[in-house]
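Going down the list, the protein sequences come from chains A and B. 228 is the number that my numbering gives to position 228 of the first sequence; each next residue is one higher, with no gaps. Just add 1000 to the spot in the second sequence (first one is 1) and you have my numbering. Read the structure below first, then the notes.
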Amino acid sequence: MLLVNRILDIFVYKIGFINPVWISSFRIYGSLIFLFHFLSILPDFHTFWGQNAIVNPDIMDANIDNLMPTIYDIHQLINKYAALGFQTVANTVAIIYIISLISLALGLMSKISAAIALLTHLVLMQSINIFIYGVDYMTTISLFYLLIFPVGKYHSLDNYLLKKSNSDNFEQGIYLRIFQIHWCLAYFFSGLSKALGPTWWNGEAIWKALNSYNQASLFNPELWVHYPYIITFLGILTVLLELLFPIGVSVKILRKPWIVSIILMHIAIGALLGLYFFSIVMILINLVGFWFPYFKTLTIFSR
Amino acid sequence: MTRETYVDFFDKKSNYFDFLCGKIIRNSFFQIYGKYSGLETGYGFFGFNVRSTGFVINEYCGKTSNPEFNSLEAENRYGSLRSLYIDYLKYQFPKNGKANQVDGILEDYLDLVLKNVSAFSMRGKAVDCDSVLTGYYILELPKLVDLKNGAKLNYELLPVKKFVYAIGK
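If you want it as structure tokens, here you go:
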């Protein structure tokens, strides 16, 4: 019991004032980013979630665990009782996802909205499991936290309409610490896996990543040919930034420069690899977890 | 998960700790929690090594024909599939020299996906020829260390697998 109290003392009681703007920013900006991310693929919606998609839905359905149903599964289930087209089911799931994200951004029935957004997001991603990448996992993690955190208690319609009481500093401290520890572990293990191989230390990994053909990339990889030493330096810097992230964000004087460096790294990932939404989500996570909570003043946005 | 990938990637001997970790992460509770919380991802993005870039090229009537998308996001998603095909190398060159049954099924699955993508690329095109040649290639590029020593930048496409599909007129 003493040990538990000691841990709580270090990690929660001594956390100091936490600006609640972190939790509302996470909900509002997070939902809007996920919404725009999904809207960005709507021009190709039928290519991925169509009856005649690029890979047939039944073939995509064959390669998955059964932990989450796909649109194909839901369609099969519904058709035992009523005739409904595959496309109708797919469109319905997509519309529910969009509405739940709008509702979550507004803070209307926040918990229910977050739960629906998480489930529909998982169904949509499970249905195209061979086409998912980093940002989809980050969206799942964020929606999961939006579900368990008291995100409806600040700057939300729930708060305005139901006059919900704000959570106190201690409660917020626990949620913030869970969030921070999660991302410290994530960056640490990401850095560790890079550090264990030789390619991040000699720059070969960055060179290969720069050449991973992507139409969305802003730079031609051939431009980097003349600067191999910069590539090597960037590789080493990436490993150190990620591996030492837990220390960097825990030491007060290092926190801001570290977060700025990590944000610059994510901007570079977005620009060089064309993974814009992945970068935007990661930047948001860093800001809400390690920058916004330490705002000193209660602005109009954090009242 | 990082440890498991490490052992597999560097061909290390696994110990009791690895066995225990494997048991835990394959436990159904952990798997369900991992799926719904997003923890299943691990965090080794681009870890150990970055995968080589692969391309699917369809040749039809002497011209290349590839899937066309209307958004950059769709291009990114298609990029994920292209990186999945690199598993062909794992199936074609198994570590102990013998392919196992599961790998064989997974390879067949990739063949099927490749055929679907090829058929998608041909949609809406005039049927002038009776077959399409689909190939999966890996982009071979000089190492950074060679570039430092003055090597020229030459890109090469190495074929990994090729198919010929007949088109019914």
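Virtual Cβ for every residue (Gly too), placed ideally from N, Cα, C.
Quick check on this structure: which residue in B/Asn1154, B/Gly1135, B/Tyr1137 has the alpha carbon closest to the alpha carbon of B/Leu1144?
In the second sequence, residue 1144 of chain B corresponds to position 144, counting from 1. Ranking B/Asn1154, B/Gly1135, B/Tyr1137 by Cα distance to B/Leu1144 puts B/Asn1154 first.
Span of the alpha helix (DSSP H) holding A/Ser156?
For the purposes of this step, residue 156 of chain A is identified with residue 156 of the first sequence, where counting begins at 1. First-last for A/Ser156: undefined, no H or E at that position.
Within a Cβ cutoff of 7 Å, which residues of the same chain sit near A/Leu8, ignoring the five residues on either side of it in sequence?
In the first sequence, residue 8 of chain A corresponds to position 8, counting from 1. None.
Does A/Lys252 have its Cβ less than 8 Å from a Cβ in chain B?
Reading the first sequence from its first residue, position 252 is the one you call residue 252 of chain A. It does not: the Cβ of A/Lys252 has no partner Cβ on chain B nearer than 8 Å.
For A/Phe38 and A/Ile96, which I take to be in contact (beta-carbon distance under 8 Å), what is that distance rounded to the nearest angstrom?
By 1-based counting over the first sequence, the position of residue 38 of chain A is 38. By 1-based counting over the first sequence, the position of residue 96 of chain A is 96. Not really, about 12 Å apart at Cβ, beyond 8 Å.
For A/Ser250 and A/Ser193, I'd like the C-alpha separation in whole angstroms.
Start at 1 with the first residue of the first sequence, and residue 250 of chain A comes out as number 250. Start at 1 with the first residue of the first sequence, and residue 193 of chain A comes out as number 193. Looking at the two C-alpha atoms, the distance is approximately 22 Å.
If you reduce the DSSP assignment to three classes, tell me which class B/Asn1049 lands in.
For this step, residue 1049 of chain B is matched to residue 49 along the second sequence. Coil.
Between the region 40-53 of chain A and the region 121-140 of chain A, are three or more C-beta pairs nearer than 8 Å?
yes
Should A/His75 go down as buried or exposed, given a rule of 16 or more other Cβ atoms within 10 Å for buried?
Locating residue 75 of chain A in the first sequence gives position 75, counting from the first residue. A/His75 counts as buried, since no fewer than 16 other beta carbons sit within 10 angstroms of its beta carbon.
When DSSP labels each residue in this structure, what does B/Ser1131 get in the three-state scheme?
Taking the first residue of the second sequence as 1, we reach residue 1131 of chain B at position 131. In the structure shown, B/Ser1131 sits in a strand (DSSP, three-state: E or B).
Rounded C-beta distance between B/Asn1070 and A/Asp136? I'm assuming under 8 Å.
Locating residue 1070 of chain B in the second sequence gives position 70, where the first residue counts as 1. Locating residue 136 of chain A in the first sequence gives position 136, where the first residue counts as 1. A Cβ-Cβ distance of about 20 Å is found for the pair B/Asn1070 and A/Asp136, leaving them out of contact under the 8 Å criterion.
Using only the alpha-carbon positions, how far apart do A/Ile141 and B/Asp1130 sit?
The sequence position of residue 141 of chain A within the first sequence is 141, counting from 1. The sequence position of residue 1130 of chain B within the second sequence is 130, counting from 1. Roughly 48 Å between the two C-alpha positions.
Pick out whichever of A/Ala117, A/Thr120, A/Ala53 has its Cα sitting closest to the Cα of B/Arg1123.
Here residue 1123 of chain B refers to the residue found at position 123 when the second sequence is read from its first residue. Cα-wise, what sits closest to B/Arg1123 is A/Ala53.
Hey, is A/Lys59's beta-carbon within less than 8 Å of any beta-carbon in chain B?
Residue 59 of chain A sits at position 59 when you count from the first residue of the first sequence. Note that residue 59 of chain A is Ile in the sequence shown, not Lys. A/Ile59 counts as touching chain B.
For chain C, check one thing: does any of its Cβ atoms lie closer than 8 Å to the Cβ of A/Ile230?
Although the question refers to chain C, the structure presented lacks it and instead comprises the protein chains A and B.
Hey, could you find the ends of the beta strand (DSSP E) B/Asn1058 is sitting in?
Looking up residue 1058 of chain B in the second sequence gives position 58. 1054-1060 is the extent of the beta strand (DSSP E) around B/Asn1058.
Compute the minimum distance between the beta carbon of A/Thr238 and the heavy atoms of the ligand MG, and state whether it is under 7 Å.
The ligand content of the structure shown is nil, which means the ligand MG is not present either.
Can you find a CB in chain A that lies within less than 8 Å of the CB of B/Lys1023?
Position 23 of the second sequence holds residue 1023 of chain B. Judged by the 8 Å Cβ criterion, B/Lys1023 is not in contact with chain A.
Please compile the residues from chain B whose C-beta is within a distance smaller than 7 Å of the C-beta of A/Met68.
As a working mapping, residue 68 of chain A is identified with position 68 in the first sequence. Result: Lys1035.
Hey, out of B/Ser1037, B/Glu1059, B/Glu1040, whose CA is closest to B/Lys1162's CA?
Within the second sequence, the letter at position 162 stands for residue 1162 of chain B. The candidate whose alpha carbon is nearest that of B/Lys1162 is B/Glu1059.
Taking just the CA atoms, how far does A/Ser40 sit from B/Glu1073?
To locate residue 1073 of chain B, count along the second sequence from 1; it is residue 73. To locate residue 40 of chain A, count along the first sequence from 1; it is residue 40. C-alpha separation (whole angstroms): 6 Å.
Could you list which residues in chain A have their beta carbon closer than 8 Å to that of B/Glu1073, in chain order?
For the purposes of this step, residue 1073 of chain B is taken as residue 73 along the second sequence, with counting starting at 1. Residues of chain A passing the Cβ test: His37, Ser40, Ile41, Asp44, Phe277.
Which of the three DSSP states is assigned to B/Leu1144 in this structure?
Counting from 1 along the second sequence, the entry for residue 1144 of chain B is found at position 144. DSSP places B/Leu1144 in helix when its eight states are reduced to three.
So A/Asn63 contacts chain B; which residues on that side make the cut at Cβ distance below 8 Å?
In the first sequence, residue 63 of chain A corresponds to position 63, counting from 1. Ordered by position in chain B, the residues that pass the 8 Å Cβ test against A/Asn63 are Tyr1109.
Taking the straight line between their C-alpha atoms, what separation do you get for A/Tyr175 and A/Gly107?
As a first step, residue 175 of chain A is located in the first sequence; it is residue number 175 there, counting from the start. As a first step, residue 107 of chain A is located in the first sequence; it is residue number 107 there, counting from the start. Computed Cα separation, rounded: 18 Å.
Of all the alpha helix (DSSP H) runs that stay within the bounds of the region 200-237 of chain A, which reach a length of 4 or more residues?
Secondary structure remark: continuous alpha helix (DSSP H) runs of at least 4 residues inside the region 200-237 of chain A, in chain order: 204-210.
Out of curiosity, what's the CA-to-CA distance linking A/Val21 and B/Leu1089?
On the first sequence, residue 21 of chain A is found 21 positions in, with the first residue counted as 1. On the second sequence, residue 1089 of chain B is found 89 positions in, with the first residue counted as 1. Cα to Cα, A/Val21 sits roughly 49 Å from B/Leu1089.
I'd like to know if A/Thr92 contacts chain B, where contact means its C-beta is closer than 8 Å to some C-beta of that chain.
Position 92 of the first sequence, counting from 1, holds the residue named residue 92 of chain A. The C-beta of A/Thr92 comes no closer than 8 Å to any C-beta of chain B.
Identify the continuous beta strand (DSSP E) that holds B/Leu1153 and give its terminal residues.
Within the second sequence, residue 1153 of chain B is the residue found at index 153, counting from 1. It is not in any beta strand (DSSP E) - B/Leu1153 carries neither H nor E in the DSSP assignment.
Using a C-beta cutoff of 8 Å, does B/Gly1100 count as contacting chain A?
On the second sequence, residue 1100 of chain B is found 100 positions in, with the first residue counted as 1. In the sequence as displayed, the identity of residue 1100 of chain B is Asn instead of Gly. Proximity of B/Asn1100 to chain A, defined by a Cβ-Cβ separation below 8 Å, is not satisfied.
For B/Val1160, which residues in the same chain have their Cβ closer than 7 Å to its Cβ, ignoring the five residues on either side in sequence?
Counted from its first residue, the second sequence places residue 1160 of chain B at position 160. So the qualifying residues of the chain are Tyr1088, Leu1089, Tyr1136, Tyr1137, Ile1138.
Does DSSP put A/Phe17 in a helix, in a strand, or in coil?
By 1-based counting over the first sequence, the position of residue 17 of chain A is 17. A/Phe17 falls in the coil class under three-state DSSP.
Quick check on DSSP: helix, strand or coil for B/Phe1163?
Residue numbering aside, residue 1163 of chain B sits at position 163 when the second sequence is read from its first letter. In the structure shown, B/Phe1163 sits in a strand (DSSP, three-state: E or B).
Can you tell which of B/Arg1082, B/Gly1038, B/Leu1020, B/Thr1053 has its C-alpha closest to the C-alpha of B/Leu1157?
Looking up residue 1157 of chain B in the second sequence gives position 157. The shortest Cα separation from B/Leu1157 among B/Arg1082, B/Gly1038, B/Leu1020, B/Thr1053 belongs to B/Thr1053.
Indicate whether the contact test is met: 3 or more Cβ pairs, each with one atom in the region 196-210 of chain A and one in the region 226-233 of chain A, closer than 8 Å.
A contact is defined here as three or more CB-CB pairs under 8 Å, and the region 196-210 of chain A meets this definition with respect to the region 226-233 of chain A.
Quick one: what's got a C-beta closer than 7 Å to A/Met68's C-beta in the same chain, skipping five residues either side?
The count along the first sequence starts at 1 and reaches residue 68 of chain A at position 68. The residues are Leu122, Val123, Gln126.
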